[in-house]
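Student: Residue numbers (the working numbering), protein chains in the order written: chain A, 1 to 382; chain B, 383 to 764.
Let me begin by handing over the structure; questions about it come next.
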C-alpha cells in the first residue's frame, strides 16, 4: 500500500483545486476549456462565464473583446462573472488578478498577443462554421512539425506543413506549395491552431474545388511586438524573413517534400503583417511565385503613391504582370479598416488584375482570415 | 497616415507591457522564455530569476520544484525573485498571485499538471543532453498531427505520429510502430514537447543503433486528474483506452501509414500511468504486441501477488512468454520509488526475461523518461 501512497502523493502535488462550484444553468464548457475544469462556460446567448480561484485577491477582471468585466468573489475566494453577449469567432482574453495580466488556468492557451494567451471560440451557426470544422466523412490531411537548421540564424527553425490526405498514397505525385504567413504578435502556429487550416483545406480538396496542395507555415520574424527589436524601424520589421524564406525554407521544403519547384507551383499569402510580407517578397520575386494573396494585409499606401514604382516596378507593365501573376487576391472584413478595398481599386485603375473579397460582418480577426483562405485556395494552381 | 495609426492602435491593444526592467548580471533567458520578454532567466548556478508585473498584488509566489519562493515588489509593481540552484531537467512551475495559481505570462506553456503549465528546462551538461537536442548534422524525422473520427467517443481524436526521415524517400518500405503513452495529468503532446522524442529518435536512427520506426502518441484518457471522473474507480481510470487503441487508433494508423501490421511490428510503452496501461493492454494482447516497456510504470503489486495470475495469466508459462515477448523493459530513476526494480526482480524470479534500466540521479520526471526511451528504442524491432 505504501507504493500507492507514494503515487497518490506524487499526483496530488500536481493537482489543481478540483472545480466543485456549481455551474450556472443553461451553460456549457467552451471548446477550449480544459476537460477537468468547468470554466469558462458559454450560454446560448453567447455570453461567457468565467470562474477562477483567487482567495486573497482584491479584484479580478476578465479582459475580452476590448471590454473589462469585474468578477465577483464568493465566500471561498472563487471569482465568477458573465460577459455581455459576444460576437461569434475566436477571441483572445486575459485575466487581471490584482493588476497582473495572465492567462486563465481553465483554458488551453495559444500563442497570440505576443504571449501564451487564453482563447475562446464563440461558435457560429453550424452552417457557417462547417468549412473550418472537422468533417468525419472526408479524407484528412496531416499537419507536420518539421525542424531544419538555419545557417543565417545559427539555430533550428520550426515550420508546420500541411500535406493533403492523398500525399500518403499517391506516392509519385508532386504538389504545389502555398507559403502562408501569420501576422504580428502571432507565430507559425497561428494558421493551424487559430485558423483551422487543415479543416479548410481538407474540405476544399475533398469537394474537388481546390487542387491538392502542400501548405507551409513559417515564422515571419514579426512575432515579438510592433517594431520592438532594439534599433529596428518599421521597414526593417520582419524584413529578415525574405532571405530566410527564399534561401533556407523553400530549399528545405523542396528537398524534403514532393513539391513542385517552379513558379507556377509556388504561391504566397499572409494575413495582416504577413500580407505585407507577402507583397514585399512575392511581388519582388515573381520569378519564384505565380499566385499571391494578402488577407487584411498591412499594406498602407500613402495618398499619391505611384503604383508603377512599387515593389521594384512590378506593376509598371500591367500586361506583363497580369500574364505572370495569375491570381492577385486581396481580402478584408467589412468591420475593419485595413485598406484592401482601396488597394484593390488603385490596382484595378492601374490595369492590374486582382480579386477582391469582402468578408461580411467580420473585423481584423481569424474569422476574416479563415474565410479569405477558403476563398483563395480554390483559385490557385489552376 | 491614418491607416498607420489604425494599425498601431490595433497592435498596441494586443501588446503586453514591454519588459524595460534591467536584468541581473550573469543571467540569460530560459529556452522557454517568450522571445519578447526577458523573464524568466537562468544563471550559471542553475538559479532561476522570475519577473512579473502585478501592480496591485500584495504577495506573489513562484512555485517550482516543490518549493515556494516569495517575490519582491519594486516601486512600479514589478515583482522579481530568485530560486535556489535547481536540479537539472524540466520543471513545471506556477505563479501564485494573491492566491490565484496561474501560469507565468513570460513563458511558453505546456500541458501538464492538468493545466497549461509554465515550464522551464535547467540544462544538463551538453554531453548529457546531446541525445535529446536538435542535431544539425543528421537527417530529421517529422511529428505529424493527425485527426480521425472515433465512433466510441463520437468525436475526433488527435494523435501525434513521428515518422523517420527516410519515410519521405523510401516509399516502398513499411515500418514498425511503437505506441508510446504519456502519464497522468499530461496528454498526447507530452512525449513530443516535454520528451523531445523526435530528437531522441532522429539520433538513434542516424547512428544506426535503432531501426527506423513510426511512433504514435495517443491520449490515454487519464489526463484529467487522479481517478477524478465522477464515479470512476482507480481500476477504471483510463481503462477505456484499451478499446480505443485496439479498435480505433491502431486500425487508423495501419490504414494511413506504411506500417507493419503484425505483432512483431508493434511495440507499446508508456510512462507512469501510461506504463500501467501498457502492461494492462499489451500483456493481455500479446497476439498484437511483441515488445513492451514501462518507464516508471505505476504498477504496484501487493505483497504476495502471484505473478502467474497477473494479466490473464500471461506469465504462467515463462517459456512461452519469453518466446513471445522479445523485450520486456522496465526502467526507473534512482530518486523515485515506483517499484520497477522490485517488479523486475519478481518477474526474473518467476522466470520472466526482462531488461531493467536504472536512471542515475533522476526522479519521477522527464529526464528519467527520455533516458528510458533512449535505452528502449535500440532494443526493439530486431
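The beta carbon of each residue, even a glycine, is placed where N, CA and C say it ideally should be.
1. If you measure from the beta carbon of residue 114 of chain A to each beta carbon in chain B, is any gap under 9 angstroms?
2. By Cβ distance below 6 angstroms, which residues in the same chain neighbour residue 714 of chain B in space, the five residues on each side in sequence not counted?
3. To the nearest angstrom, report how far apart residue 548 of chain B and residue 286 of chain A are at their CA atoms.
4. Let me know if residue 264 of chain A comes out buried or exposed under the rule of 16 or more other beta-carbons within 10 Å of its beta-carbon.
5. Count the other C-beta atoms from every protein chain shown that fall within 10 angstroms of the C-beta of residue 449 of chain B, then say buried if there are 16 or more, exposed otherwise.
6. Check the Cβ-Cβ distances between residue 107 of chain A and every residue of chain B, and say whether any is below 9 angstroms.
7. Can you tell which of B/717, B/436, B/727 has its C-alpha closest to the C-alpha of residue 711 of chain B?
8. Taking the alpha helix (DSSP H) that residue 252 of chain A belongs to, which residues open and close that run?
9. Within the continuous alpha helix (DSSP H) that includes residue 182 of chain A, where are the two ends?
10. Going by alpha carbons, who is nearest to residue 745 of chain B out of B/705, B/764, B/511, B/653?
11. How is residue 89 of chain A classed by DSSP in three states: helix, strand or coil?
12. So, residue 684 of chain B versus residue 671 of chain B, is the Cβ gap smaller than 9 angstroms?
13. Among residues of its own chain, excluding the 5 on either side of residue 532 of chain B, which ones have a beta-carbon nearer than 6 angstroms to its beta-carbon?
14. Got a sec? Which residues, its chain only, sit under 7 angstroms from residue 238 of chain A by beta carbon, not counting five neighbours each side?
15. Please return the same chain residues whose Cβ sits closer than 6 angstroms to the Cβ of residue 474 of chain B, not counting the five positions on each side in sequence.
16. In the DSSP assignment, find the unbroken beta strand (DSSP E) run with residue 163 of chain A in it and report its ends.
17. Just to confirm before moving on: does the CB-CB distance between residue 94 of chain A and residue 102 of chain A stay below 9 angstroms?
18. List, in order along the chain, the chain A residues whose C-beta lies closer than 9 angstroms to that of residue 530 of chain B?
19. What are the start and end residues of the beta strand (DSSP E) that includes residue 27 of chain A?
20. Taking 7 angstroms as the limit between beta carbons, can you name the residues of its chain near residue 275 of chain A, skipping five residues before and five after?
21. Residue 437 of chain B CB to nearest chain A CB: under 9 angstroms?
22. Are residue 142 of chain A and residue 169 of chain A closer than 9 angstroms when you measure CB to CB?
23. Going by CA-CA distance only, name the one from A/160, A/280, A/342, A/319 that's closest to residue 312 of chain A.
24. Kindly list the residues whose CB is nearer than 6 angstroms to the CB of residue 282 of chain A, restricted to its own chain and excluding five residues on each side of it in sequence; keep chain order.
25. Just the Cα atoms here: how many angstroms apart are residue 568 of chain B and residue 764 of chain B?
26. Where in the segment 339-367 of chain A do unbroken runs of the beta strand (DSSP E), each at least 3 residues long, occur, reported from the N-terminal end onward?
27. Find the residues of chain A that neighbour residue 434 of chain B, judging by a C-beta separation of less than 7 angstroms, and give them in chain order.
28. Run the CB neighbour count on residue 391 of chain B, radius 10 Å, all protein chains shown included, and call it buried at 16 or more, exposed below.
29. So, is residue 399 of chain B buried or exposed, given that buried needs 16 or more other C-beta atoms within 10 angstroms?
30. Determine the DSSP secondary structure at residue 755 of chain B, reduced to helix, strand or coil.
31. Counting beta carbon pairs with one atom in the segment 170-179 of chain A and one in the segment 204-220 of chain A, are three or more of them shorter than 8 angstroms?
32. Would you say residue 436 of chain B and residue 459 of chain B are within 9 angstroms of each other, going by their C-beta atoms?
33. To be precise: take each residue of the segment 170-184 of chain A, compare its Cβ to all Cβ atoms of chain B, and keep it if any distance is under 7 angstroms. Which residues remain?
34. For residue 716 of chain B, which residues in the same chain have their Cβ closer than 8 angstroms to its Cβ, ignoring the five residues on either side in sequence?
35. According to DSSP, what are the bridge partners of residue 479 of chain B?
36. Counting only runs that start and end within the segment 676-708 of chain B, where is the alpha helix (DSSP H) found for 4 or more residues in a row?
Tutor: Let me spell this out:
1. Translated into the one-based positions of the first chain, residue 114 of chain A becomes position 114. Interface residue, yes.
2. One-based indexing of the second chain puts residue 714 of chain B at position 332. Excluding positions up to five away in sequence, the list reads 678, 720, 722.
3. In the second chain, residue 548 of chain B corresponds to position 166, counting from 1. In the first chain, residue 286 of chain A corresponds to position 286, counting from 1. Near 33 angstroms, if we compare the C-alpha coordinates of residue 286 of chain A and residue 548 of chain B.
4. Residue mapping note: residue 264 of chain A aligns to position 264 of the first chain, counting from 1. Exposed: under 16 other Cβ atoms inside 10 Å.
5. Stepping through the second chain from its first residue, residue 449 of chain B is reached at position 67. So residue 449 of chain B counts as exposed.
6. On the first chain, residue 107 of chain A is found 107 positions in, with the first residue counted as 1. Yes, residue 107 of chain A counts as interfacial toward chain B.
7. Indexing the second chain from 1 puts residue 711 of chain B at position 329. Checking every option, the nearest Cα to that of residue 711 of chain B belongs to B/727.
8. Here residue 252 of chain A corresponds to residue number 252 of the first chain, with the count starting at 1. Counting along the chain, the alpha helix (DSSP H) containing residue 252 of chain A begins and ends at 250-256.
9. Taking the first residue of the first chain as 1, we reach residue 182 of chain A at position 182. Element bounds for residue 182 of chain A: n/a, residue is neither H nor E.
10. In the second chain, residue 745 of chain B corresponds to position 363, counting from 1. Comparing Cα positions, the closest option is B/653.
11. Walking along the first chain from the start, residue 89 of chain A turns up at place 89. Strand at residue 89 of chain A.
12. Taking the second chain and counting its residues from 1, the one referred to as residue 684 of chain B is at position 302. Taking the second chain and counting its residues from 1, the one referred to as residue 671 of chain B is at position 289. No, they are not a contact pair.
13. Here residue 532 of chain B refers to the residue found at position 150 of the second chain. Result list for residue 532 of chain B: 539, 630, in chain order.
14. As a first step, residue 238 of chain A must be located in the first chain, where it is residue number 238. If we look at residue 238 of chain A and ignore the five residues flanking it on each side, its Cβ neighbours are 220, 221, 222, 273, 277.
15. The count along the second chain starts at 1 and reaches residue 474 of chain B at position 92. If we look at residue 474 of chain B and ignore the five residues flanking it on each side, its Cβ neighbours are 494, 495, 499, 501.
16. Within the first chain, numbered from 1, the residue matching residue 163 of chain A stands at position 163. Unbroken beta strand (DSSP E) run through residue 163 of chain A: 155-163.
17. Counting from 1 along the first chain, the entry for residue 94 of chain A is found at position 94. Counting from 1 along the first chain, the entry for residue 102 of chain A is found at position 102. Taking 9 angstroms as the Cβ cut-off, residue 94 of chain A and residue 102 of chain A qualify as a contacting pair.
18. Your numbering for residue 530 of chain B matches position 148 in the second chain. Here the neighbours are 136, 140.
19. Along the first chain, one-based indexing puts residue 27 of chain A at 27. Run containing residue 27 of chain A: 27-29, per the beta strand (DSSP E) assignment.
20. As a first step, residue 275 of chain A must be located in the first chain, where it is residue number 275. Counting only Cβ-Cβ distances below 7 angstroms, and skipping sequence neighbours, we find 294, 295, 296, 297, 298, 299.
21. Here residue 437 of chain B is taken as the residue at index 55 of the second chain, counted from 1. True, the Cβ-Cβ gap to chain A drops below 9 angstroms.
22. What you label residue 142 of chain A is simply residue 142 of the first chain in a count that begins at 1. What you label residue 169 of chain A is simply residue 169 of the first chain in a count that begins at 1. No, Cβ-Cβ distance for residue 142 of chain A and residue 169 of chain A is not below 9 angstroms.
23. Residue mapping note: residue 312 of chain A aligns to position 312 of the first chain, counting from 1. The candidate whose alpha carbon is nearest that of residue 312 of chain A is A/280.
24. Indexing the first chain from 1 puts residue 282 of chain A at position 282. If we look at residue 282 of chain A and ignore the five residues flanking it on each side, its Cβ neighbours are 268, 289, 292.
25. Along the second chain, one-based indexing puts residue 568 of chain B at 186. Along the second chain, one-based indexing puts residue 764 of chain B at 382. Each residue's Cα considered, the two are about 31 angstroms apart.
26. 355-359
27. For the purposes of this step, residue 434 of chain B is taken as the residue at position 52 of the second chain. Those within 7 angstroms of residue 434 of chain B in chain A are 100.
28. Position 9 of the second chain holds residue 391 of chain B. Note that residue 391 of chain B has pLDDT 44, beneath the 50 cutoff, so the model's placement of it is unreliable and no number is given.
29. The residue given as residue 399 of chain B occupies position 17 in the second chain. With a pLDDT of only 41 at residue 399 of chain B, under the threshold of 50, the placement of this residue in the model should not be trusted, and no figure is reported.
30. Within the second chain, the letter at position 373 stands for residue 755 of chain B. Note: residue 755 of chain B maps to helix in three-state DSSP.
31. yes
32. Here residue 436 of chain B corresponds to residue number 54 of the second chain, with the count starting at 1. Here residue 459 of chain B corresponds to residue number 77 of the second chain, with the count starting at 1. Contact: yes.
33. 171, 184
34. In the second chain, residue 716 of chain B corresponds to position 334, counting from 1. Only 740, 741, 742, 743, 744 meet the Cβ criterion.
35. To locate residue 479 of chain B, count along the second chain from 1; it is residue 97. Note: residue 479 of chain B sits in a beta bridge opposite B/442, B/482.
36. 700-706
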